[in-house]
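Heads up: the structure comes next, in C-alpha cells.
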Amino acid sequence: MDLLRRPPLPTFRSALHEPRTAVVIGRWLGAALLTCFLTGLLSHLLQQPPGWLRDHLPSRPVDGYRVTQGLHVISGIAAIPLLGAKLWTVYPKLFEWPPVRSVPHALERLSIAVLVGSMLLELFTGLLNTLQWYPWPFPFRQTHFWLAWLAVGGLLLHIAAKAPLIAAHWRRVRPGLAQRRSFLTAVTVSVGVVTLTTAGQSVPWLRTLDLFAPRRPDIGPQGLPVNRTAAQAGTTTAPADWQLRVDGPRPLRFSLAELSQLPQFSADLPIACVEGWSAGARWTGVRVRDLLDLAGAPAGAGLRVTSLEADGPYRVMEMPSSYAHDPLTLLALRVNGEVLDPDHGYPARIIAPNRPGVLQTKWVTRIEVI
Ligand SMILES: Nc1nc2c(c(=O)[nH]1)N[C@H]1C(S)=C(S)[C@@H](COP(=O)(O)O)O[C@H]1N2
Ligand SMILES: [Mo]
317 MDLLRRPPLP TFRSALHEPR TAVVIGRWLG AALLTCFLTG LLSHLLQQPP
367 GWLRDHLPSR PVDGYRVTQG LHVISGIAAI PLLGAKLWTV YPKLFEWPPV
417 RSVPHALERL SIAVLVGSML LELFTGLLNT LQWYPWPFPF RQTHFWLAWL
467 AVGGLLLHIA AKAPLIAAHW RRVRPGLAQR RSFLTAVTVS VGVVTLTTAG
517 QSVPWLRTLD LFAPRRPDIG PQGLPVNRTA AQAGTTTAPA DWQLRVDGPR
567 PLRFSLAELS QLPQFSADLP IACVEGWSAG ARWTGVRVRD LLDLAGAPAG
617 AGLRVTSLEA DGPYRVMEMP SSYAHDPLTL LALRVNGEVL DPDHGYPARI
667 IAPNRPGVLQ TKWVTRIEVI
C-alpha cells in the first residue's frame, strides 16, 4: 500500500540519542519535577485548603513557605534546561517508522504526547508567572494545578512503560562515552547557571548573583519588593477617617491612633510570594488574636479580612484559626521601624507565619470573625 510507504525520514548522527543518556538526564529531571510537584501541591493546599484540612494547617516553621516556594520556583526553572536536554536526546523517536505498531504502542505514544505537551505548557506558564506576566485569558493557578496532575500522571505512565529500559541503563557501563560526558557536563553547567542567576530572589546568600530573576528581594520601598502597588490598587491615600472594623460577637471600631495604643508586638517574618521571591522584615503592630479576644471571638474562630482595595483577587482573605491565634500573626502598622509605606499596606496589613504572600493582605479595613 502506497499510504504506508516509508517517507524520506531524517537520519540522526549523534551517538547520544540513546537510552543511557536519556536515563541519566531523566533522573535529574525526575528529581526536579518531583520537588516542583510536591512543593506546588503544598502551595496550592495552603492557598486553598479543602475543608477537612483547613484547621490543621501549621503556622510553623515560620519560614516554611519561604523555603518550599523558593524550592518550587528553583526546581521549576532548573527543569527547563533538563527538559530541553531530555527532549533533544529522544526526539529522533518522533520519526519512528511505522508510526504505530500496535494498540499499546499507540497508547504509549499518545501518553508521551500528553506528557510532553502538559510539561512544556506547565513550565512555560510557570516561568511567565514568575515574571508577573499573565498574557492568557484563563486563571493561572487552577490551570497550573490541573496541568501538573496531567503531567505527573503522564510521567508515571511513562516511567512504568519504560521501566525495563530504565533498569537496564541505570548503572554506568565502563568505559563510558566521552561524548556523553561532555554533553552531561554542558547540561550541568546550564542548570547551574540558570539556577545561580535566579535563586537569589529567595536565597539571601545568592542575592548578588541574582541577575535574571524578576526581583531583587532588597529593592523596593522600605527595602522590600512590591507586587501590587497602592497606585495599582487605587489605595494611595487611605481615607482620613480610616477605621478598622472588627465584626464579631462584640463589634468594634478602631482609629489608627487607637490601634497604636493597643499593646504592640514585633515579629521577624518573611513575605514569600508565590512567584518565587521572598524577603524577611521586622513587623510591628497588634496581635490578631488580641483583636479577636477584644471582639469576643470564641476559641477556635477563624477570620475573614477585607482590604480597602476596590477589586482584585486578593481583596478578601480567609484565615484559619491556627494562624489567627498564632502569637506572631499581626495586623502590622510598621515595618523595620517605620510606618508602613502605602505600597506595603498603609495604614495596616496582615502578616502571618508560614503563609503565601498572596494571603498577607494589605490596606486592611475590616476583620470578621467566622
Ligand atoms: N489587598 C491586597 N493585598 C495584597 C496583595 C494585593 O494585590 N492586594 N498582594 C499580595 C501579594 S501577591 C504579595 S506577594 C504581598 C506582597 O507584599 P508587599 O507588596 O508588601 O511586599 O502582598 C499581598 N497582599
Ligand atoms: Mo505574591
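For the sequence shown, position 146 matches number 462 in our numbering, and the numbering has no gaps at all. Glycine residues also receive a C-beta, built at the ideal position from the N, C-alpha and C atoms. Remember, it's a predicted structure, so these values are computed and weren't measured experimentally.
Its chain contains V602 as the residues whose beta carbon lies nearer than 6 angstroms to that of L578, once the 5 sequence neighbours on both sides are disregarded; these appear in chain order. The beta-carbon distance between H333 and P408, rounded to whole angstroms, is 5 angstroms. This is short enough to meet the 8 angstroms contact definition. Within the stretch 553-630, complete beta strand (DSSP E) segments of at least 3 residues are found at 559-563, 568-571, 581-588, 594-603 and 619-623, given in chain order.
Judged by the Cβ position, Y639 fails to qualify as a neighbour of ligand 1 at the 7 angstroms threshold, every heavy atom of the ligand being at least this far. In this structure, A549 has its CB closer than 7 angstroms to one or more heavy atoms of ligand 1.
In the three-state DSSP reduction, R336 falls in the helix class (H, G or I).
Here W599 is not near A588, since their CB atoms are 8 angstroms or more apart.
Here the stretch 487-507 makes no contact with the stretch 460-479; the two share fewer than three CB pairs at distances below 8 angstroms. Judged by DSSP secondary structure, V468 falls within the alpha helix (DSSP H) whose first and last residues are F456 to A484. For G550, the closest C-alpha among the options L624, W558, A529 and S637 is that of L624.
In the displayed model, R496 falls within a helix according to three-state DSSP.
Along the length of the stretch 346-388, whole alpha helix (DSSP H) runs at least 4 residues long occupy 367-370, reported in chain order. Straight through space, the alpha carbons of R665 and M633 are spaced by roughly 12 angstroms. With the criterion CB distance below 6 angstroms from any heavy atom of ligand 2, the matching residues run N543, C589, V590, E591, G673 and V674 along the chain.
In this structure, E625 has its beta carbon less than 7 angstroms from a heavy atom of ligand 1. Closest in alpha carbon position to W558, among P377, Y662, G653 and P480, is Y662. DSSP places R417 in the coil class of the three-state scheme, outside both helix and strand.
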